[in-house]
Amino acid sequence: MSNSLLIIGCGYLGLRVGRIAQQSGWQVHATTRSRFGTLAAEGFDPIAFDWNDSRTLRHLPSATHVLIAVAYDRHSRVDRFASQVDGLARVIRYLDDGRPAEQSADLCYISTTGVYHQTGGVWVDESSPTHPTREGGKAHLAAEAKLRSLRVGRPTTTLRLAGIYGPGRVPRAADVIAGRPIASPPHGHLNLIHVDDAATAVMNSFDSQRFAARPRSPLYVVADDKPIVRREFYCQIARETRSTEPTFVDPAADSGVRFRSETDKRSWNRRVRRDLLPTMQYPTYREGLRDVLSSTNASR
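Numbered per this note's numbering, the sequence shown spans residues 700 to 999.
Put into structure tokens, the structure is as follows:
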């Protein structure tokens, strides 16, 4: 049976996973609410779908592999938990209904290191306690638990991704280049993963031959080799783009960056390096920023 991939939530990461799968000869289906032309141009089969609308479940095709990478829509009329937890459960029940475990799709769910609550720059891994204080982290942790309960005995991998960056997505790069103060605390650590390495981790989680000698873990923390203090990250952007060294101002009291800065941890990537990413294209932020910002640097 030839491989096929159903991407539920084909955004920044899903698009790159789909491209890798397609290059490997897989058929790729991707759900969307509006980006039909964009996905069709990629050679994907666009599927009209909204996991908050049960009527669209019948649009989902069968596939050998499934990636679930749905970001919460802050403009949605559905609250975060109803969407991220109940929506996920709705999809899982539909996809697995009537299928014996040995015939079910291999599924990868994208979660976040936002499930960790730790402060003080402590190291966290897959065994660390999780008591998130932010709603996003709470919803993802609840979704992880729901997924485990619904897919007992079925191939399932959860990837807790650090902050994704890459082409067109480098936090605060425009502010650094323009010389605007950065509305962020300069202290605390950023845990990062380049989008191309994240996409490789997803595809490698589907590679059954990789786990012939050692069973696949149900959970991986996906981050690069070097958590970095925020100030140094933004200073590296300045160096790569030959910009003025950044200055910092306090973020607004209700801003996301202030809430995120309330935790301060460093993600230990030993397990994902062993199993899914023995080789990284961008093992630290330095290589990643150099690649992403090279065109900006050349134009100055």
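Here a beta-carbon is modelled for each residue, glycine too, at the ideal position from N, C-alpha and C. Remember, predicted model here, so these are calculated numbers, not experimental data.
*Taking just the CA atoms, how far does P866 sit from M902?*
About 20 Å.
_Using only the alpha-carbon positions, how far apart do T983 and F910 sit?_
Using only the alpha carbons, I get a separation of about 26 Å.
*For S753, is the classification buried or exposed, using 16 other Cβ atoms within 10 angstroms of its Cβ as the cut-off for buried?*
Per the 10 Å Cβ criterion, exposed.
*asked:* Helix, strand or coil, according to DSSP, for K964 in the structure here?
replied: DSSP places K964 in the strand class (E or B) of the three-state scheme.
*asked:* Looking at L806: is its Cβ nearer than 9 Å to the Cβ of P760?
replied: Cβ atoms of L806 and P760: not closer than 9 Å.
_For L846, which residues in the same chain have their Cβ closer than 6 Å to its Cβ, ignoring the five residues on either side in sequence?_
Hits under 6 Å: Y808.
*Mind reading off the beta-carbon distance from S916 to R970? Whole number of angstroms is fine, and I expect it under 8 Å.*
With a contact defined as Cβ atoms closer than 8 Å, S916 and R970 qualify at about 6 Å.
*What does a CB cutoff of less than 6 Å around V790 pick up in its chain, not counting 5 residues either side in sequence?*
Closer than 6 Å at Cβ, skipping near neighbours: W750.
*Taking C-beta to C-beta, are T978 and I719 nearer than 9 Å?*
Not in contact: T978 and I719 (Cβ atoms no closer than 9 Å).
*Are the segment 881 to 888 and the segment 926 to 936 touching, with three or more C-beta to C-beta distances below 8 Å?*
Yes, since at least three Cβ pairs between the segment 881 to 888 and the segment 926 to 936 fall closer than 8 Å, the two stretches touch.
*Buried or exposed: P828, going by 16 or more other Cβ atoms within 10 Å of its Cβ?*
Taking all protein chains in view, the Cβ of P828 is surrounded by fewer than 16 other Cβ atoms within 10 Å, so the residue is classified as exposed.
*Whose C-beta lies closer than 6 Å to the C-beta of R732 among residues of the same chain, with five residues either side of it excluded?*
Cβ within range, chain order: D749.
*On the premise that G987 lies in contact with Y864, defined as a C-beta separation below 8 Å, what is that separation, rounded to the nearest angstrom?*
About 7 Å separates the two Cβ atoms, so the contact holds.
*Shortest alpha-carbon distance to Y933 belongs to which of A872, R859, R776?*
With distances taken between CA atoms, Y933 lies nearest to A872 out of A872, R859, R776.
*asked:* Rounded to the nearest angstrom, what separates S998 and R941 at their Cα positions?
replied: Because the pLDDT of S998 is 42, which lies under 50, any placement of that residue in the model is unreliable, and the question is left without a value.
*asked:* Please classify A842 as buried or exposed, where buried requires at least 16 other C-beta atoms within 10 Å of its C-beta.
replied: Burial call: buried.
*Under three-state DSSP, which class holds R904?*
Reading off the sequence, residue 904 comes out as Ser, not Arg. Three-state DSSP puts S904 in a helix.
*State the DSSP-derived secondary structure class of H758, mapped to helix, strand or coil.*
In the structure shown, H758 sits in a helix (DSSP, three-state: H, G or I).
*asked:* Measuring alpha carbon to alpha carbon, tell me which residue in I706, V920, L705, Q980 is nearest Y815.
replied: Of the candidates I706, V920, L705, Q980, the one whose C-alpha sits nearest the C-alpha of Y815 is V920.
*Return the chain-ordered list of same chain residues with a C-beta closer than 7 Å to the C-beta of N702, the five sequence neighbours on each side being excluded.*
Closer than 7 Å at the Cβ level, and outside the excluded window around N702, lie W725, T763, H764.
*Does the separation of the CB atoms of I706 and F743 fall below 9 Å?*
Yes, they are a contact pair.
*Assuming H758 contacts I746 under a Cβ cut-off of 8 Å, what Cβ separation, rounded to an integer in Å, is found between them?*
The Cβ separation is near 5 Å, so the contact holds.
*Report back the beta-carbon spacing between H728 and L712 to the nearest angstrom; my notes put them in contact at under 8 Å.*
That pair is no contact at about 16 Å.
*Euclidean distance between Cα positions of L794 and H893*: When rounded, the distance between both Cα atoms is 30 Å.
*For R947, which residues does DSSP report across the bridge?*
At residue 947 the sequence reads Phe, which differs from the Arg that was named. Beta-bridge annotation (DSSP): F947 is paired with I881.
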